[in-house]
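Student: Reading the sequence shown from the start, the letters are residues 1 to 325 in UniProt numbering. C-beta: ideal position from N, C-alpha, C; glycine also. It should be emphasised that the depicted structure is a prediction, and the values quoted were computed from it without experimental measurement.
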Amino acid sequence: MDVMLETSARLLRLLSLLQTPRDWPGAELAGRLGVSPRTIRRDIDRLRELGYTVHATAGAPGYRLGAGAGLPPLLLDDDEAVAVAIGLGTAAVSGVTGIEETSLRALTKLEQVLPSRLRHRVGDLRSVTVPLAGSTAAAVRPDVLTAIAAAVRDRESLRFGYRTRDGAEEDRTAEPYRLVNSGRRWYLVAWDTGRAGWRTFRVDRLRLRTPNGPRFTPRRPPGDDLVQYVSERISVNPYRYRGRFTVHAPASVVAARMPPTTALVEPAGDDACVLTTGSNSLDELAMWVAALGVPFEAHEPPELVRHLRDLGARLTDATRHHPPG
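(1) Output the boundary residues of the alpha helix (DSSP H) element that contains S252.
(2) Is DSSP giving L282 helix, strand or coil here?
(3) Given this structure, state the Cα-to-Cα distance separating E28 from A56, to the nearest angstrom.
(4) Just reading off the alpha helix (DSSP H) that E142 is part of, what are its end residues?
(5) Per DSSP, Y63 forms a beta bridge with which residues?
(6) V176 and A196: beta carbons closer than 7 Å?
(7) Buried or exposed: which applies to A69, given that a residue is buried once 16 or more other Cβ atoms fall within 10 Å of its Cβ?
(8) Excluding sequence positions up to five away, which residues of its chain have a Cβ less than 7 Å from the Cβ of P32?
(9) Which class does L247 belong to by DSSP, given the choice of helix, strand or coil?
(10) In this structure, how does DSSP classify A313 when only helix, strand and coil are distinguished?
(11) In this structure, does DSSP put H299 in helix, strand or coil?
(12) Which residues in the same chain have their Cβ closer than 6 Å to the Cβ of R64, if we skip the five residues on either side of it in sequence?
(13) Rounded to whole angstroms, what is the Cα-Cα separation between T277 and G194?
(14) Can you check which of these residues, F216, R163 and P214, is closest to T200 by C-alpha distance?
(15) Are the beta-carbon atoms of L118 and A81 separated by less than 7 Å?
(16) Answer yes or no: do V289 and F296 have a C-beta to C-beta separation smaller than 7 Å?
(17) In the DSSP assignment, the beta strand (DSSP E) including T173 goes from what residue to what residue?
(18) Report buried or exposed for T136, applying the criterion of at least 16 other Cβ atoms within 10 angstroms of its Cβ.
(19) With the cut-off set at 7 Å, would you say V294 and C273 are in Cβ contact?
(20) Rounded to the nearest angstrom, what separates W198 and V230 at their Cα positions?
(21) Using CA atoms only, rank isn't needed, just tell me which of R41, S157, L145 and V35 is closest to P218.
(22) In this structure, does DSSP put T277 in helix, strand or coil?
(23) Around the C-beta of R172, are 16 or more other C-beta atoms found within 10 angstroms, so that it is buried, or is it exposed?
(24) Let's see if you can read the secondary structure: which residues bound the alpha helix (DSSP H) around R41?
(25) Take L206 as the anchor and find which of A168, Y241 and L15 has the nearest alpha-carbon.
(26) Could you compute how far the alpha carbon of G123 sits from the alpha carbon of S116?
(27) Just to confirm my understanding: we take E300, look at its own chain, exclude 5 residues before and 5 after, and list those with CB closer than 8 Å. What are they?
(28) Please go through the same chain and pick out, in chain order, the residues whose beta-carbon is closer than 8 Å to the beta-carbon of residue 329, but skip the five residues on each side of it.
(29) Here's the rule I'm using: 16 or more other beta-carbon atoms within 10 Å means buried, otherwise exposed. How should P26 be labelled?
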């Protein structure tokens, strides 16, 4: 019985190593597990009998775990199992149509096999997490995301109808570069061939047409930092007013309070940052920055600076009949 337990434990350790996506020389596996190369060969045969696809690598004897036809049990350590459970729970309330029920089924199966200590960790997190009601954007179908991803991979132009902010639908042809997920929405960064420029499209407003357009040679991306590029496009550019402020607080603190879809935050020293955000309302810009609760200076636009001055005067007048204290 002890020999069987020792062999089973060794097989689990071997499988855990093989699940790391790399080629494993047989001698290195033997050294890791403290056994002979011959024992490793026997253990590899046992794993194959259990349904795992293990490929022999060329050159020096080695092994690599392949994708099998079935789904043998995965080996996850405690943190990995909790991470998967959290990911499935998040996917169940994501903006991708059709995966909510699938994610819940997978999460139910996972929780059934989790040790009680891990079930408690996942349950504790779920019990103290409150979804922001109404924050989910229009859902996106998985097949649309995979079709766009395939076009990026194959360097094929996309043809699609696009619903603009005012509700009109336009015909577009674009060379797709990357998909970006903000947490609430999916965006496509692409070169718009009709307008000869880079554009950011909301995927939920996009209706793909088939077949795809012609193949293309990838262009230089619109910026070295794609996250910053997309953040600026969706948080500042679409709006009437572009507000720029110096905020006297660390960039990490300000960024944590303002998601990337609403603002661009750039460090300006250890205890200050430059905040850029957009709005169609001067009152809304004033509210956003004032709600941070830290000192700030407004730089632009000029009408915002005047608006803040007038607003400050009105607020002061509203309290002049009440003595401080």
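Tutor: In brief:
(1) Here residue 252 corresponds to residue number 252 of the sequence shown, with the count starting at 1. Segment A251 to R257, the alpha helix (DSSP H) holding S252.
(2) In the sequence shown, the residue the question calls residue 282 occupies position 282. Helix at L282.
(3) Position 28 of the sequence shown, counted from the first residue, corresponds to residue 28. Position 56 of the sequence shown, counted from the first residue, corresponds to residue 56. Taking the straight line joining both Cα atoms gives about 14 Å.
(4) In the sequence shown, the residue the question calls residue 142 occupies position 142. Before going on, a small fix: residue 142 reads as Pro here, not Glu. It spans P142 to D154 - the alpha helix (DSSP H) in which P142 sits, taken as one unbroken run.
(5) The residue given as residue 63 occupies position 63 in the sequence shown. Answer by DSSP bridge pairing, in chain order: W24 and A56.
(6) Translated into the one-based positions of the sequence shown, residue 176 becomes position 176. Translated into the one-based positions of the sequence shown, residue 196 becomes position 196. This sequence places Pro at residue 176; Val is not what is there. No; because the gap between Cβ atoms is not below 7 Å, this pair is not in contact.
(7) For the purposes of this step, residue 69 is identified with residue 69 of the sequence shown, where counting begins at 1. In this prediction, A69 has a pLDDT of 44, which is less than 50 and means its spatial position is unreliable; nothing more can be read from the coordinates.
(8) Numbered from 1 along the sequence shown, position 32 holds the residue referred to as residue 32. Looking at the sequence itself, residue 32 is Arg, so the reference to Pro does not match. Excluding residues within five positions, the ones whose Cβ falls inside 7 Å are L17.
(9) The sequence position of residue 247 within the sequence shown is 247, counting from 1. The identity of residue 247 in the sequence shown is Val, whereas the question assumes Leu. In the structure shown, V247 sits in a strand (DSSP, three-state: E or B).
(10) As a working note, residue 313 is residue 313 in the sequence shown. Three-state result, A313: helix.
(11) Here residue 299 is taken as the residue at index 299 of the sequence shown, counted from 1. It is a strand residue.
(12) As a position in the sequence shown, residue 64 is number 64, starting the count at 1. Hits under 6 Å: D23, H55 and T57.
(13) Translated into positions along the sequence shown, residue 277 becomes position 277. Translated into positions along the sequence shown, residue 194 becomes position 194. Each residue's alpha carbon lies about 29 Å from the other.
(14) Looking up residue 200 in the sequence shown gives position 200. If we check each option's Cα against that of T200, R163 comes out closest.
(15) Translated into positions along the sequence shown, residue 118 becomes position 118. Translated into positions along the sequence shown, residue 81 becomes position 81. Result yes, Cβ atoms of L118 and A81 sit closer than 7 Å.
(16) Taking the sequence shown and counting its residues from 1, one reaches residue 289 at position 289. Taking the sequence shown and counting its residues from 1, one reaches residue 296 at position 296. For V289 and F296, yes; Cβs fall inside 7 Å.
(17) As a first step, residue 173 is located in the sequence shown; it is residue number 173 there, counting from the start. Unbroken beta strand (DSSP E) run through T173: E169 to N181.
(18) Here residue 136 refers to the residue found at position 136 when the sequence shown is read from its first residue. Because the pLDDT at T136 is just 49, under 50, the model does not fix this residue reliably, and the value given afterwards should be weighed accordingly. Its Cβ having fewer than 16 others within 10 Å, T136 is exposed.
(19) For the purposes of this step, residue 294 is taken as residue 294 along the sequence shown, with counting starting at 1. For the purposes of this step, residue 273 is taken as residue 273 along the sequence shown, with counting starting at 1. No, the Cβ-Cβ distance between V294 and C273 is not below 7 Å.
(20) What you label residue 198 is simply residue 198 of the sequence shown in a count that begins at 1. What you label residue 230 is simply residue 230 of the sequence shown in a count that begins at 1. The alpha-carbon atoms of W198 and V230 are separated by roughly 11 Å.
(21) Within the sequence shown, residue 218 is the residue found at index 218, counting from 1. Per the Cα distances, S157.
(22) For the purposes of this step, residue 277 is taken as the residue at position 277 of the sequence shown. Three-state result, T277: strand.
(23) As a working note, residue 172 is residue 172 in the sequence shown. That one is buried.
(24) Position 41 of the sequence shown, counted from the start, is the residue given in the question as residue 41. Run containing R41: P37 to E49, per the alpha helix (DSSP H) assignment.
(25) In the sequence shown, the residue the question calls residue 206 occupies position 206. Closest by alpha carbon: A168.
(26) Mapped onto the sequence shown, residue 123 falls at position 123. Mapped onto the sequence shown, residue 116 falls at position 116. Whole-angstrom Cα-Cα distance: 10 Å.
(27) Within the sequence shown, residue 300 is the residue found at index 300, counting from 1. Excluding residues within five positions, the ones whose Cβ falls inside 8 Å are R242, G243 and R244.
(28) Absent from the model: residue 329. The displayed extent of the chain is 1 to 325, so no value can be given.
(29) Locating residue 26 in the sequence shown gives position 26, counting from the first residue. With the sequence shown as reference, residue 26 is identified as Gly, and Pro is not the correct amino acid for it. Buried: at least 16 other Cβ atoms inside 10 Å.
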